[in-house]
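Student: Quick note, the sequences are listed as chains W and H, same order. Under the working numbering, the first residue of the first sequence carries the number 1386, and numbering increases by one thereafter. Under the working numbering, the first residue of the second sequence carries the number 91, and numbering increases by one thereafter. For each residue, glycine too, the CB sits at the ideal point set by N, CA and C.
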Amino acid sequence: MSNVLKIKKGVEQGVNELLKFLLESEKVKGIFTLRKMNENGAVSYSLITHPKELKNAVPLFPLMPVNAGKILSGFTLKKAINEPIAAVLRSCELRAFIELIKRTQGSLENFLLISSTCGGVYPLKSLTDGTFKEQVSQYWESAKNAEIASDIRPTCAACEYFIPQQADMTIAIVGKNDLQQECSIFLNTKKGEEFTIGAPGNIVSEEIDTKETTKLREKRQDQKKKLFDEFEKNGFGIKALVKTFAACLSCHGCSKACPICYCTLCDFDSKTHEYLPSSHEIELEQKGGIRIPPGTIFFHIGRMIHMAVSCVNCGMCSDVCPVNIPVSTIFSKVGDSLQKLFDYLPGKDIEEPVPSGTYKEEEFTEIGE
Amino acid sequence: MNDEYTPKIIGFLCNWCAYTGADLAGVSRIQITPSLRIIRVMCSGRIDPLFVLKGLLKGADGVMMMGCHPGDCHYQKGNYSARRRYVLLQKLFEDLGFESERIGLWWVSASEGPRYAQVSSEFSEEIKKLGPNPVREEIFI
């Protein structure tokens, strides 16, 4: 059981009210949230310090223009922020931020983390092809009934970690029948409770895991299985991979959008993996042909080795792919199995080291003998 | 010369143990498989999984990694990291449907010349049974 702040307003207005309260009472100096940019549904992350500017804030809008974990890590890479900021972000964004902090790419200090039980987000493409407005109308209805909203990102539909673990406050959305009348904000930590002292609304006691969230988790697990099975149908091995990545342009957009890929200079963009005329020559002599640009399979598998163990399944990679390769499905499938191997859930615990950067003396002892 | 298929295997050998072990095997005049191409590294911890991947994608039939026994690493803990990376790589290969039998990790100390000869020829035999790397058929990758 944890304390819940109930605001007698629709969930979107209720959250805005809370943000306004935090800013006006000067408990925080700024709010990091999604903000509407135009009437067509374009949103972008913004940092707001004046309460007046909050009027276009849409903290729960079902779009993810960029994984916020990446932005927050950018804010705090050199130095932790020195004044409190409230950041509203999704479960996977928060997990990505924590994964980045583990890799010394940021700091949690002075952040008030507000997250929500997530109903998923729509692909960015739905904005440009005009289907977004139609889809978003049934989004809240699906969330209320703990259903998987149709047309959301495939990874969102298969995401079972929609309840954030590390947030100070969690806005309850999934399975809340009275979304339009009441806004429930779970205060998970002492920090969350302190910041809401004097906030509008009343405090009650409730459980975040309900029948509805379990129902949605089960549905999403089924969907995940379906997604992986479908991928397995394409077959296995190098032949299948060549087919899957056949259209890859080597734009490396997936790695640029990925919150876990933080390297300033990616190994695969560096001189290390530069293909010189001489190497082309050798390969042509041996094989009689080469693909140009070369090394796409090497890039994707290489990237899996580097980050799949920390993959948070946010789906940004598939979303930015210009040739519609299901990158996120492959990465979440591989990531899932690697995470199980090391018994690791990315972003769950900030103290737990990243598996690829640590070891235990007494493990896998049968290997090498 | 007979036409029997000899696989091409790349071996990453730690300078402080397996590489010296290989030397010892040679000095002791033990028969060693000709299919192994040795690359010396300063520690098994230096073996980037990308080295292994690149080797296999460029058409090598197998990749061997050899390092010091656990606890004996010249740099204290390099072989433990190597072991984790190897496990990760093997799991990844299984998930992607690559033949994970094509990679292997062994602990071979500097005094284990015969062991070096034995594991390398055993691995070579196994790869011979598996046949050439299917990646070779894929030209445009």
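1) Any beta carbon from chain W within less than 8 Å of G187 of chain H's own beta carbon?
2) Does the contact criterion of 3 or more C-beta pairs under 8 Å hold for the region 1636–1652 of chain W versus the region 1692–1710 of chain W?
3) Which residues, taken in chain order from the region 1603–1629 of chain W, show a beta carbon closer than 8 Å to some beta carbon of chain H?
4) Do you know whose CA, among W:V1451, W:A1531, W:G1491 and W:S1663, lies nearest C1477 of chain W's CA?
5) To the nearest angstrom, how far is the alpha carbon of G1732 of chain W from that of T1714 of chain W?
6) Sort W:R1688, W:E1494 and W:F1517 by Cα distance to D1652 of chain W and report the nearest one.
7) Is W106 of chain H helix, strand or coil when you go by DSSP?
8) Does any CB atom of chain H fall closer than 8 Å to the CB of E1754 of chain W?
9) Using a Cβ-Cβ cut-off of 8 Å, state whether Y176 of chain H counts as contacting chain W.
10) Please return the same chain residues whose Cβ sits closer than 6 Å to the Cβ of I1570 of chain W, not counting the five positions on each side in sequence.
11) On the DSSP letters alone, give me the boundaries of the alpha helix (DSSP H) that S1722 of chain W sits inside.
12) Roughly how many whole angstroms lie between the Cα atoms of M1449 of chain W and D151 of chain H?
13) Going along chain H in order, which residues have a C-beta closer than 9 Å to the C-beta of E1746 of chain W?
14) Span of the beta strand (DSSP E) holding N1388 of chain W?
15) With a CB to CB cut of under 6 Å and the five nearest residues on each side skipped, what residues in its chain are close to D1728 of chain W?
16) Let me know if I1392 of chain W comes out buried or exposed under the rule of 16 or more other beta-carbons within 10 Å of its beta-carbon.
17) On the DSSP bridge assignment, give the partners of Y1755 of chain W in chain order.
18) Flag this pair as touching only if the region 1615–1630 of chain W and the region 1578–1597 of chain W have three or more C-beta atom pairs under 8 Å; answer yes or no.
19) Note down, in chain order, all residues in the region 1452–1484 of chain W with a beta-carbon under 7 Å from any beta-carbon belonging to chain H.
20) Measure the alpha-carbon distance for Q1608 of chain W versus I1533 of chain W and round it to whole angstroms.
21) Taking the beta strand (DSSP E) that N1562 of chain W falls in, what are its first and last residues?
22) Is it the case that the CB of A1557 of chain W approaches a heavy atom of the ligand ATP more closely than 7 Å?
23) Taking all protein chains shown into account, do 16 or more other C-beta atoms lie within 10 angstroms of the C-beta of L178 of chain H, making it buried, or fewer, making it exposed?
24) Pick out whichever of W:R1676, W:M1701, W:F1684 and W:S1703 has its Cα sitting closest to the Cα of F230 of chain H.
25) Looking at L1485 of chain W and G1454 of chain W, is the spacing between their C-beta atoms short of 8 Å?
26) For the region 1680–1698 of chain W, which residues have a CB atom closer than 9 Å to at least one CB atom of chain H, in sequence order?
27) Comparing C-alpha positions only, which one of H:V225, H:E202 and H:P222 sits nearest to D113 of chain H?
28) Nearest by alpha-carbon distance to R1488 of chain W: which of W:I1752, W:L1408, W:T1743 and W:K1672 is it?
29) Does any C-beta atom of chain W lie closer than 8 Å to the C-beta of I99 of chain H?
Tutor: Answer, in terms of the structure:
1) Taking the first residue of the second sequence as 1, we reach residue 187 of chain H at position 97. So yes, G187 of chain H belongs to the interface.
2) Yes: the two stretches touch, three or more of their Cβ pairs being nearer than 8 Å.
3) Cβ proximity to chain H below 8 Å picks out G1620, F1621, G1622, I1623, K1624, A1625, L1626 and V1627 from the region 1603–1629 of chain W.
4) Against the first sequence, residue 1477 of chain W aligns to sequence position 92. Looking at the Cα atoms, W:V1451 is the closest of the given residues.
5) Residue mapping note: residue 1732 of chain W aligns to position 347 of the first sequence, counting from 1. Residue mapping note: residue 1714 of chain W aligns to position 329 of the first sequence, counting from 1. Straight-line Cα distance between these residues: approximately 19 Å.
6) The residue given as residue 1652 of chain W occupies position 267 in the first sequence. Looking from the CA of D1652 of chain W, the closest CA among W:R1688, W:E1494 and W:F1517 belongs to W:R1688.
7) Against the second sequence, residue 106 of chain H aligns to sequence position 16. Three-state result, W106 of chain H: coil.
8) Within the first sequence, residue 1754 of chain W is the residue found at index 369, counting from 1. Interface residue, yes.
9) Here residue 176 of chain H refers to the residue found at position 86 of the second sequence. Yes, because at least one Cβ of chain W sits closer than 8 Å to the Cβ of Y176 of chain H.
10) Start at 1 with the first residue of the first sequence, and residue 1570 of chain W comes out as number 185. The answer, listed in chain order, is L1390, M1554 and I1556.
11) Stepping through the first sequence from its first residue, residue 1722 of chain W is reached at position 337. S1722 of chain W: member of the alpha helix (DSSP H) spanning V1712 to L1726, first to last residue.
12) For the purposes of this step, residue 1449 of chain W is identified with residue 64 of the first sequence, where counting begins at 1. For the purposes of this step, residue 151 of chain H is identified with residue 61 of the second sequence, where counting begins at 1. Straight-line Cα distance between these residues: approximately 43 Å.
13) The sequence position of residue 1746 of chain W within the first sequence is 361, counting from 1. Residues of chain H passing the Cβ test: P160, G161, K167 and Y170.
14) Reading the first sequence from its first residue, position 3 is the one you call residue 1388 of chain W. In the DSSP annotation of this structure, the continuous segment of the beta strand (DSSP E) that includes N1388 of chain W starts and ends at S1387 to I1392.
15) Taking the first residue of the first sequence as position 1, residue 1728 of chain W is located at position 343. Its chain contains no residue whose beta carbon lies nearer than 6 Å to that of D1728 of chain W once the 5 sequence neighbours on both sides are disregarded.
16) Walking along the first sequence from the start, residue 1392 of chain W turns up at place 7. Burial call: buried.
17) The structure shown does not extend to residue 1755 of chain W, since chain W is modelled only from 1386 through 1754, so no value can be given for it.
18) As far as the Cβ criterion goes, the region 1615–1630 of chain W does not touch the region 1578–1597 of chain W, which means the pair count is below three.
19) Cβ contacts with chain H come from no residue of the region 1452–1484 of chain W.
20) Taking the first residue of the first sequence as position 1, residue 1608 of chain W is located at position 223. Taking the first residue of the first sequence as position 1, residue 1533 of chain W is located at position 148. Going from the Cα of Q1608 of chain W to the Cα of I1533 of chain W covers about 9 Å.
21) Locating residue 1562 of chain W in the first sequence gives position 177, where the first residue counts as 1. Looking at the DSSP string, N1562 of chain W is not in any beta strand (DSSP E), and its letter there is neither H nor E.
22) Because no ligand of any kind appears in the structure shown, any question about the ligand ATP cannot be addressed here.
23) Position 88 of the second sequence, counted from the first residue, corresponds to residue 178 of chain H. Label assigned to L178 of chain H: buried.
24) Here residue 230 of chain H is taken as the residue at index 140 of the second sequence, counted from 1. The option with the nearest alpha carbon to F230 of chain H is W:R1676.
25) Position 69 of the first sequence, counted from the start, is the residue given in the question as residue 1454 of chain W. Position 100 of the first sequence, counted from the start, is the residue given in the question as residue 1485 of chain W. Yes, these two residues count as a Cβ contact at 8 Å.
26) For the region 1680–1698 of chain W, which is checked against every Cβ of chain H, the residues closer than 9 Å are G1680, T1681, I1682, F1683, I1686, G1687, M1689, I1690, H1691, A1693 and V1694.
27) As a first step, residue 113 of chain H must be located in the second sequence, where it is residue number 23. For D113 of chain H, the closest of H:V225, H:E202 and H:P222 by C-alpha to C-alpha distance is H:E202.
28) The residue given as residue 1488 of chain W occupies position 103 in the first sequence. Among W:I1752, W:L1408, W:T1743 and W:K1672, the Cα nearest to that of R1488 of chain W belongs to W:T1743.
29) Start at 1 with the first residue of the second sequence, and residue 99 of chain H comes out as number 9. No, no contact with chain W.
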